[in-house]
Amino acid sequence: MKNSITYSEREQTPAQRQELIDKARAWSVAQGAVPGPAAEAVYARYVAGELTLQGVTDELKSYYATRATAPAGSGTTAASEGMMQPEELLLAS
Numbered sequence: 000m001k002n003s004i005t006y007s008e009r010e011q012t013p014a015q016r017q018e019l020i021d022k023a024r025a026w027s028v029a030q031g032a033v034p035g036p037a038a039e040a041v042y043a044r045y046v047a048g049e050l051t052l053q054g055v056t057d058e059l060k061s062y063y064a065t066r067a068t069a070p071a072g073s074g075t076t077a078a079s080e081g082m083m084q085p086e087e088l089l090l091a092s
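Per my numbering, the very first residue in the sequence shown carries number 0; after that it's consecutive.
See the structure below:
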């Protein structure tokens with residue numbers, strides 16, 4: 000089945016998508032928010048052409064919303080792991 004995702008001119012190839020992710024990661028790290036393994040896995044799916052940038056945002060919002068509502072004391076919140084929150088995922092244009 001052919002990929003039906005339409006990318007902008009600046010994200011046509013995996014290399015272009017990787018460059019966008021690298022810039023976003025550098026910006027986030029500079030702001031003190033290091034992407035965790037879950038974010039890195041979603042980023043890899045974007046680079047591979049499985050997701051759009053909106054899809055990245057949607058996936059991470061869902062992931063972190065689930066983590067944020069974990070029972071108290073479970074130690075599974077995104078904040079307790081020092082992971083990025085969805086509002087920190089502003090990708091450089």
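The beta-carbon is built from N, C-alpha and C at its ideal position, and this holds for glycine as well.
key: For Ala32, three-class secondary structure by DSSP   = coil
message = Short of 8 Å in beta carbon distance, which residues of its chain neighbour Pro13, apart from the five on each side in sequence? Order them along the chain.
response = Val46, Ala47 and Gly48
query = Within the present structure, is the beta-carbon of Glu10 separated from the nearest heavy atom of the ligand GTP by less than 7 Å?
reply = Absent from the structure shown: the ligand GTP. Ligands present: none.
task = State yes or no: is the C-beta of Leu50 within less than 8 Å of the C-beta of Glu58?
result = yes
task = Quick one: residues in its chain with C-beta nearer than 6 Å to the C-beta of Ala37, no 5 flanking neighbours on either side, listed in chain order?
result = Within the same chain, Ala37 has close Cβ partners Tyr62.
task = Would you check if the distance between the CB atom of Gln15 and the CB atom of Arg9 is smaller than 8 Å?
result = yes
query = Three-state secondary structure (DSSP) at Ser7?
reply = coil
inquiry  = The alpha helix (DSSP H) that contains Glu58, what's its start and end?
reply    = Leu52 to Ala67
inquiry  = Let me make sure I understand the geometry here. Which of Ala69, Val55, Ser7 and Trp26 has the alpha-carbon closest to that of Val41?
reply    = Of the candidates Ala69, Val55, Ser7 and Trp26, the one whose C-alpha sits nearest the C-alpha of Val41 is Val55.
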